[in-house]
Amino acid sequence: MIALVRGEVAGRRPAPPSGGEVVVEVNGVGYRLAVSSETLKHVPAAGKPVTLHSHLIVRDDALQLYGFATEEERDLFLMLLGVQSVGPKVALAVLSGGSPRELVAALAAGDSARFQAVPGIGKRTAERIIVELREKAGVTLPDEAISVSRSDDPRTLAREGLVGLGYSLQEADKLLDGAAGETPEDLIAHALKAARS
Numbered sequence: 428m429i430a431l432v433r434g435e436v437a438g439r440r441p442a443p444p445s446g447g448e449v450v451v452e453v454n455g456v457g458y459r460l461a462v463s464s465e466t467l468k469h470v471p472a473a474g475k476p477v478t479l480h481s482h483l484i485v486r487d488d489a490l491q492l493y494g495f496a497t498e499e500e501r502d503l504f505l506m507l508l509g510v511q512s513v514g515p516k517v518a519l520a521v522l523s524g525g526s527p528r529e530l531v532a533a534l535a536a537g538d539s540a541r542f543q544a545v546p547g548i549g550k551r552t553a554e555r556i557i558v559e560l561r562e563k564a565g566v567t568l569p570d571e572a573i574s575v576s577r578s579d580d581p582r583t584l585a586r587e588g589l590v591g592l593g594y595s596l597q598e599a600d601k602l603l604d605g606a607a608g609e610t611p612e613d614l615i616a617h618a619l620k621a622a623r624s
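And the structure:
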């Protein structure tokens, strides 16, 4: 398995909506990697050094190499491939919609519209992605907040939930400032919408 490609950028080109392609020269051999738009943003100009995490998919008629700026993005790609009706091209298109952190936040908020905006994903597939990936990505909110005693302060629980999603305490407080809602899940949903705007 080719897990990492490090070399010099020989070429790069966008290919919306699924992302683009990068050719990395390693010891005189050019490796073509399909990448998301998010990864393409991190790939430098031709002639510059680059390191991409990768995943090789073997088919009867082709060997296809996929590249990622971070291991988190590669992990999300592999999780997406585990969802029925999601192939590599659609998975890259999903990853092109934002950073891994933003996509995990969309999963936590149950934002199916975010995934339906991706070409090739309908309502049913979007809902399937949210249900299956929430658990795999370790997202336990807002479901976790629902099971917590209502006597606890909703704002405190929402703050803890945002920190659990990777936000700093300062970022969580800023996102919750002015957030409307009586339950932790409402506050988190409002805060995550504010983070995307």
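So for the sequence shown, this note's numbering puts the first residue at 428; every next one is plus one.
For each residue, glycine too, the CB sits at the ideal point set by N, CA and C.
Values in this document were obtained by computation on a predicted structure and should not be read as measured data.
Using the Cβ count rule (16 or more neighbours within 10 Å means buried), how would you classify D604?
D604 comes out exposed.
Between the alpha carbons of P443 and E465, how many angstroms are there, rounded?
Near 11 Å, if we compare the C-alpha coordinates of E465 and P443.
In the DSSP assignment, find the beta strand (DSSP E) that holds T466 and state where it starts and stops.
No beta strand (DSSP E) contains T466, which is instead part of the alpha helix (DSSP H) from 464-469.
What residues in its chain sit with their C-beta under 7 Å from that of P471, if we drop five residues either side in the sequence?
Answer for P471: V436, V477, listed in chain order.
Closest by CA to I557, which one among L460, L584, Q511?
Of the candidates L460, L584, Q511, the one whose C-alpha sits nearest the C-alpha of I557 is Q511.
Starting from A437, follow the beta strand (DSSP E) in both directions and report where the run begins and ends.
Note, A437: beta strand (DSSP E), 431-442.
Within its chain, find whatever has a CB closer than 7 Å to the CB of R555; leave out the 5 residues flanking it on each side and keep chain order.
If we look at R555 and ignore the five residues flanking it on each side, its Cβ neighbours are V510, Q511.
Nearest-angstrom Cα distance between G474 and F504?
So the two alpha carbons sit approximately 27 Å from each other.
Helix, strand or coil for G549, going by three-state DSSP, please let me know.
G549: coil per DSSP, three-state reduction.
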